[in-house]
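In my numbering, the protein residues as written are 89 to 240.
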């Protein structure tokens, strides 16, 4: 599949300033991300996620650190523009497919912040693109619901 596929676009509103919204999303990821269901820990027998390391330096990996001492990558940080934007080469798996790309923006709006997620690059996955996109379309709703509840 080489045709462009429509990106997934999600938007949520949180009642806090942009700095807090950005910092919770990045530096507080392990306090709100659904670690029991949306991580790679099941690749290592008996492992539990202890923390998520979200770098501030582009080029560095986003890592989940496991109780076994292992660290598994979710992808690579491409852009870190606190407090307004991050871009990630997203690949939370060990399959040979190339990463997709996730861009998250934080925009002041009224008495809070609008957080927009755009997940794109599905065509890079070839035959797996449609299935992958469908799974993430639902998955982002679930994940962002956890984020909104953590901010409240």
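Each residue gets a CB set at the ideal place from its N, CA and C atoms; glycine is no exception.
In chain order, what residues of the same chain lie with their CB nearer than 6 Å to the CB of residue i, ignoring the 5 residues before and after it?
i	result
residue 208	95 and 189
residue 163	150, 176, 177, 178, 179 and 187
residue 204	99 and 193
Quickly, what does DSSP pair residue i with across the bridge? List them, please.
i	result
residue 178	163 and 188
Would a C-beta distance cut-off of 8 Å place residue i and residue j closer than the cut-off?
i	j	result
residue 106	residue 194	yes
residue 126	residue 144	no
residue 160	residue 166	no
What are the boundary residues of the alpha helix (DSSP H) that residue i is part of?
i	result
residue 112	106-114
residue 139	Segment 137-141 is the beta strand (DSSP E) holding residue 139; no alpha helix (DSSP H) there.
residue 226	217-239
residue 158	Here residue 158 belongs to no alpha helix (DSSP H), and DSSP marks it neither H nor E.
residue 119	117-120
If you count every other CB in all the chains shown that lies within 10 Å of the CB of residue i, and 16 or more means buried, which is it?
i	result
residue 103	exposed
residue 119	exposed
residue 156	exposed
For the beta strand (DSSP E) holding residue i, just list the boundary residues, first then last.
i	result
residue 204	200-208
residue 97	96-102
residue 153	149-154
Here's a check: name, in chain order, each residue in its chain whose Cβ is nearer than 8 Å to the Cβ of residue i, leaving out the five neighbours to either side.
i	result
residue 185	179, 212, 213, 214 and 216
residue 172	106, 110, 193, 194 and 195
In chain order, what residues of the same chain have a beta carbon less than 7 Å from the beta carbon of residue i, not counting five sequence neighbours either side?
i	result
residue 146	165, 166, 167 and 168
residue 115	142
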